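Protein chains in written order, with the numbering used here: chain A, 7 to 467; chain B, 7 to 467.
Note that CB positions come from ideal geometry on N, CA and C, so glycine has one too.
None of these values were measured; they are calculated from a predicted model.
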C-alpha cells in the first residue's frame with residue numbers, strides 16, 4: 007500500500023478512528039521495553055467501541071493481517087511494539103468507568119481507563135481497588151489485565167487477576183464473548199477469564215472488565231529499616247512473614263538504589279547501609295503492633311536503624327521514596343534493563359547476593375529494588391547503550407539474572423509479562439508438555455495467528 | 007471383553023492397581039448426584055503414582071477409551087459417574103501430603119488427600135487452609151480442584167482456585183505437564199493452572215497440587231440472628247457487607263431447614279422465624295465489634311433475636327447446626343436435588359422469595375440454605391423419588407431455580423460444577439462465542455475426547 011491509498015478499514019470504521027500518518031505511526035511503535043524490535047505498522051486504529059474492535063478484527067482475520075493491541079504502551083516487555091504491516095489497535099479511547107456498584111462492591115470499566123484514575127474514583131465511593139503497578143498513574147486497566155499486573159499491594163491483596171470477575175473479549179475472528187460473572191463465585195465452564203488475563207493480547211482483545219472492589223482500608227502506618235547487609239534485610243522479610251504477619255506493603259531497596267533516590271529527593275536516609283525495607287500495615291488499631299513486631303524482627307537481624315512514621319503523612323513521604331525508584335534509576339544517565347524475577351521468599355537472600363557476581367562478570371551496574379514480601383524483585387541492569395559491546399554484556403547480565411531466578415526455584419516474570427523480551431526464556435521455564443499446551447490453546451483460539459503474533463510463546467522447534 | 011479376559015492395563019500397571027470385579031465396579035459407578043445416568047465401566051484403576059496415571063492415559067489415548075477420573079465421589083453433579091466402557095481412574099490412593107513449608111506458607115499434596123485431613127495437618131503447623139466445602143471431611147483436594155470447590159470460608163478467603171499455585175497434570179495422551187509456580191506471583195505464559203482448576207477432569211488429570219496457606223487466624227466469634235421474613239435476612243446480608251465488614255462466615259438457613267436441623271439436634275432455636283443468619287468474625291480483638299455491628303444491622307432489619315456466642319465453644323455448636331444441614335435434609339425421608347445458584351447479593355431476596363412460587367407450581371418441597379455472603383445459595387428440592395411423576399416435577403423445579411438465578415444476573419453453579427447435571431444449562435449461561443471457545447480448548451487439549459467425555463460442555467448443535 008502506498009501513502010496515497012486509503013486503508014480499507016477507513017471504509018469500515020467511524021471517521022477519525024483510522025490513522026496512517028507516518029508521524030502518528032512512529033509515535034505508537036513502541037512500549038517501554040529495552041532491546042525489543044519494533045516493526046513498521048500499516049495503520050493505527052483508535053477504537054471507541056466494542057463494535058470498532060470487532061470490525062477491526064473481522065477485517066484483520068479475513069485478510070490475515072497481524073493486530074497489536076495497545077493501551078498506554080507503558081509495558082516493559084515489548085508486547086505492544088509494532089510488527090511490520092500490523093494494525094496497531096489502541097484501546098486508550100475506550101476509557102469509561104461504566105459502573106461502580108457500592109453494594110455489590112464491583113465495578114465495570116472499559117480497558118482504556120487509567121488505573122490510578124479508576125482507583126481514585128473507587129475511593130470516592132469508599133471502595134479500594136488494590137492492584138497498584140508502579141505505572142498506575144499512566145497504565146490502563148486493560149494493559150494491567152493483559153499482563154496480570156502486580157504492584158506493592160499484592161503481598162496482602164493479590165494481583166490484577168484476583169480482582170477480575172468477568173470480561174468482554176473480542177475473539178480473533180471478531181466475535182464477541184463474555185466470560186466470568188458479576189457474582190462473588192461461579193464455576194460454569196472453564197475459567198476463560200483467567201486464561202485471557204495475562205495473555206498479552208494474543209488470545210483476544212479485552213473490551214470490558216468487571217472487577218471486584220474491597221471496602222476502603224484504614225490509613226496505613228509505615229516503617230523503614232536499614233540493614234548492614236542485604237542478607238539481613240532478606241532474612242527479615244522471611245522471618246517477619248513467617249511469624250504470620252500480613253503487611254500491606256513490604257518493599258526492598260538496595261544501597262545503590264537508596265543513593266539514587268537520595269540524589270533526586272533527600273529523604274535523610276543514613277549512609278553506610280546495604281539495604282532498606284519499607285513496610286506498611288493498614289490494620290487500623292492493630293497497625294502499631296504490626297510495626298512494633300517488624301521492628302523487633304528487623305533488629306534481631308541486625309537492623310541499624312528502624313524508623314516508624316508517627317503519622318500517615320510521614321509514611322506517605324517514605325512511600326514516595328519507593329515510587330521514585332524508577333525515576334532515580336533513569337536519572338543515572340544510563341540505559342536500563344528492568345528484570346522481574348520472583349523467587350521463594352527464603353531464596354531472596356541468594357537472589358540479591360547473586361547479583362553482585364553477575365555485575366562483576368558482565369561489568370555492568372546492577373541495582374535492585376522490589377516487592378520483597380512476594381519474592382518479586384526488579385534487578386535493574388544499567389549500562390551505556392551507545393557502547394554496543396557493553397550493551398551486549400548488559401543483555402547477558404539480564405539473562406543471567408533470569409537463569410539465577412530459575413535456579414532458585416523462581417519464575418522469569420512475576421508481573422511484567424513475557425512479551426517479546428522473555429519469550430525465549432519461557433521455553434526454559436515451562437516443560438515440553440506445558441509449551442505444547444500453550445501453543446495448542448493459542449492455535450485453537452487464533453488459528454490464523456493474527457493476534458499479537460510472536461509474543462509470549464517462543465518459536466516452535 | 008468377557009469376564010475371563012485379562013484387561014490389557016493389567017500388563018502395564020503394578021499388581022493390585024487394576025480391578026474388574028463386578029461388585030467393585032458397581033460400587034464405583036456413581037458420585038452423589040441425583041438424576042444423573044451412570045454407565046458400566048470396563049475397569050477401575052487405582053493409581054498410586056503419576057506414572058500409573060500417565061500409563062493409563064497413554065493406553066486410553068491409543069485405544070480411544072474414555073477415562074473418568076474419581077476422587078471420593080462426593081461430587082453433586084455426576085462428573086464422576088461411569089461412562090459405558092470407561093476406565094474409572096481413582097486418585098484416592100495418591101493421598102500423601104508431600105510437603106508443608108511453614109516459612110513459604112505453601113504445601114504440596116497429592117490429589118487423594120482428604121481436605122479435612124490436610125487442613126488439620128496444616129493447622130498443626132500453625133497454618134490455615136481456608137477452602138472448606140461442606141464435604142470437607144470426605145472430599146479430596148483433587149476433587150476440590152476439579153470443581154473449584156468453595157465452602158463457608160469463601161466469603162472472606164476465596165475458593166479453592168485462589169489457593170492453587172501450581173499443578174502437575176497428566177495430559178490426555180499421557181504426557182506430564184507442570185503448571186504454575188511455587189512463588190507468590192508469576193505470569194510466565196498462559197494461566198494453565200486456573201484453566202485446569204474447575205475443568206472437572208475433562209482437560210487433564212491432576213496428580214500433584216501446590217497450594218498457598220495462610221497464617222492461622224484467631225478463634226472466631228459467632229453470632230446468629232433470627233428474622234420474621236426471609237427478605238429481612240437477605241437485606242441484612244447486603245446491608246452488613248455493604249458497610250464494609252468482612253465476616254469469615256455468613257450463612258443463611260430458611261425456616262424449614264432450621265426445623266429439619268432442630269429435629270436431629272435440638273439447638274434451642276426459637277419458633278416462628280422465617281430465616282436465620284449465622285456469622286463469624288476471626289479478627290481477634292476486633293471480632294466483638296464486628297459482631298456488635300452485625301447485631302445492629304440485623305435489628306435494623308427487624309431481627310427478632312440475635313445471639314452472640316460468649317465463647318468459641320458455644321460458637322462451634324452454632325456452626326455445627328450449619329454443618330448438619332445436609333444430614334437434616336437427607337433425614338426428611340425424601341430424595342433431594344441440591345441446587346447451587348449464585349446471584350448478586352442484592353438479589354438474594356428475590357432468589358429466596360422466588361423459591362416459594364416454584365415449590366407451589368411444581369408441588370414439591372423447596373428448602374434453602376447457603377453461603378449468603380457470597381450470594382451462593384443451595385436450594386434443595388425434596389421429593390418422593392418412588393413417584394415418577396413427582397420426580398419429573400422435581401427436575402422441573404430444579405431447572406426453574408437455575409432459570410431464576412440466571413434472570414437475577416447470577417450463575418447456574420457457584421461451587422458444585424456443571425458435570426452432567428447442568429451441562430444443558432451451561433448453554434443457557436454462556437454465549438455462543440464463549441461455548442465455541444470452551445469447545446475449541448477442549449478439542450485442542452483432548453483431541454480424541456477421552457477425558458471425561460460428555461461432561462461440562464453441552465453437545466454441539
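Output the boundary residues of the alpha helix (DSSP H) element that contains residue i.
i                     : result
residue 112 (chain B) : From DSSP, residue 112 (chain B) is part of no alpha helix (DSSP H) but of the beta strand (DSSP E) over 112-115.
residue 32 (chain A)  : 28-33
residue 325 (chain B) : 318-329
residue 151 (chain B) : 147-153
residue 96 (chain B)  : Looking at the DSSP string, residue 96 (chain B) is not in any alpha helix (DSSP H); the run it does join, the beta strand (DSSP E), is 93-96.
residue 122 (chain B) : 121-130
residue 81 (chain A)  : Note, residue 81 (chain A): premise wrong, no alpha helix (DSSP H); not H, not E.
residue 300 (chain A) : 293-306
residue 242 (chain B) : 236-248
Which bits of chain B does residue i rub up against, with CB to CB less than 9 Å?
i                     : result
residue 80 (chain A)  : Chain B residues near residue 80 (chain A): none, gap ~16 Å exceeds 9 Å.
residue 350 (chain A) : 107, 109, 110, 112, 188, 189 and 190
When burial is assigned at 16 or more other CB atoms within 10 Å of the CB, is residue i buried or exposed?
i                     : result
residue 6 (chain A)   : Lying before the first or after the last residue shown, residue 6 (chain A) is absent from chain A, which here runs from 7 to 467.
residue 306 (chain A) : exposed
residue 141 (chain A) : buried
residue 465 (chain B) : exposed
residue 337 (chain A) : exposed
residue 326 (chain B) : exposed
residue 413 (chain B) : exposed
residue 278 (chain A) : exposed
residue 104 (chain B) : exposed
residue 29 (chain A)  : exposed
residue 46 (chain B)  : exposed
residue 12 (chain B)  : exposed
residue 1 (chain A)   : Lying before the first or after the last residue shown, residue 1 (chain A) is absent from chain A, which here runs from 7 to 467.
residue 451 (chain B) : buried
residue 70 (chain B)  : exposed
residue 353 (chain A) : buried
Which residues in chain B have a C-beta closer than 7 Å to the C-beta of residue i? List them in chain order.
i                     : result
residue 446 (chain A) : 450 and 451
residue 287 (chain A) : Per Cβ cutoff of 7 Å: no residues; residue 287 (chain A) is ~14 Å from chain B at best.
residue 163 (chain A) : Ordered by position in chain B, no residue passes the 7 Å Cβ test against residue 163 (chain A), which lies about 11 Å from the chain.
With a threshold of 7 Å, establish whether the CB of residue i neighbours any heavy atom of the ligand HEM.
i                     : result
residue 315 (chain B) : Looking at this structure, you won't find the ligand HEM or any other ligand, since it has none at all.
List the residues of chain A whose Cβ lies closer than 8 Å to the Cβ of residue i, in chain order.
i                     : result
residue 380 (chain B) : 189, 190 and 191
residue 215 (chain B) : Within 8 Å Cβ-Cβ: nothing; residue 215 (chain B) doesn't reach chain A, min ~16 Å.
residue 159 (chain B) : Ordered by position in chain A, no residue passes the 8 Å Cβ test against residue 159 (chain B), which lies about 12 Å from the chain.
How is the beta strand (DSSP E) around residue i delimited, first residue to last?
i                     : result
residue 385 (chain A) : 382-389
residue 105 (chain A) : 103-107
residue 74 (chain B)  : 73-76
residue 313 (chain A) : 311-314
residue 257 (chain A) : 255-260
residue 404 (chain A) : Not the beta strand (DSSP E): residue 404 (chain A) falls in the alpha helix (DSSP H), residues 394-413.
residue 171 (chain A) : 170-176
residue 377 (chain B) : 371-377
residue 216 (chain A) : 211-218
Just the chain A side, please: which residues come within less than 7 Å of residue i by C-beta, in chain order?
i                     : result
residue 58 (chain B)  : Chain A residues near residue 58 (chain B): none, gap ~17 Å exceeds 7 Å.
residue 156 (chain B) : 191
residue 437 (chain B) : 183 and 184
residue 205 (chain B) : 196
Pop quiz: residue i and residue j are said to be a contact at Cβ under 8 Å. What is the actual Cβ separation, rounded to whole angstroms?
i                     : j                     : result
residue 85 (chain B)  : residue 425 (chain B) : 3 Å
residue 343 (chain B) : residue 41 (chain B)  : 7 Å
residue 296 (chain B) : residue 281 (chain B) : No, residue 296 (chain B) and residue 281 (chain B) are not in contact; Cβ-Cβ is about 21 Å, not under 8 Å.
residue 420 (chain B) : residue 264 (chain A) : That pair is no contact at about 48 Å.
residue 77 (chain A)  : residue 145 (chain A) : 7 Å
residue 165 (chain B) : residue 202 (chain B) : With 8 Å as the limit, residue 165 (chain B) and residue 202 (chain B) do not qualify as a contact, their Cβ atoms being about 14 Å apart.
residue 290 (chain A) : residue 75 (chain A)  : Contact doesn't hold; Cβ gap of about 41 Å is too wide.
residue 457 (chain B) : residue 178 (chain B) : 5 Å
Query raised in the report: Going along the chain, which residues of the region 92-125 of chain B sit with their C-beta nearer than 9 Å to a C-beta in chain A?
Result: 107, 108, 109, 110, 111 and 112
Report task. Determine which residues of the region 374-406 of chain B have a Cβ less than 7 Å from any Cβ of chain A, and write them out in chain order. Result -> 380, 381 and 382
Query raised in the report: Taking Cβ-Cβ distances below 9 Å as the criterion, which residues of the region 42-74 of chain A are in contact with chain B?
Result: none
Query raised in the report: What residues from the region 419-435 of chain B come within 9 Å of chain A, judged by C-beta to C-beta, listed N to C?
Result: Flagged, chain order: 419, 420, 421, 422, 423, 424, 428, 431, 432 and 435.
Query raised in the report: When you check each C-beta in the region 243-260 of chain A against every C-beta of chain B, which residues fall closer than 9 Å?
Result: Answer in chain order: 244, 245, 247, 248, 249, 250, 251 and 252.
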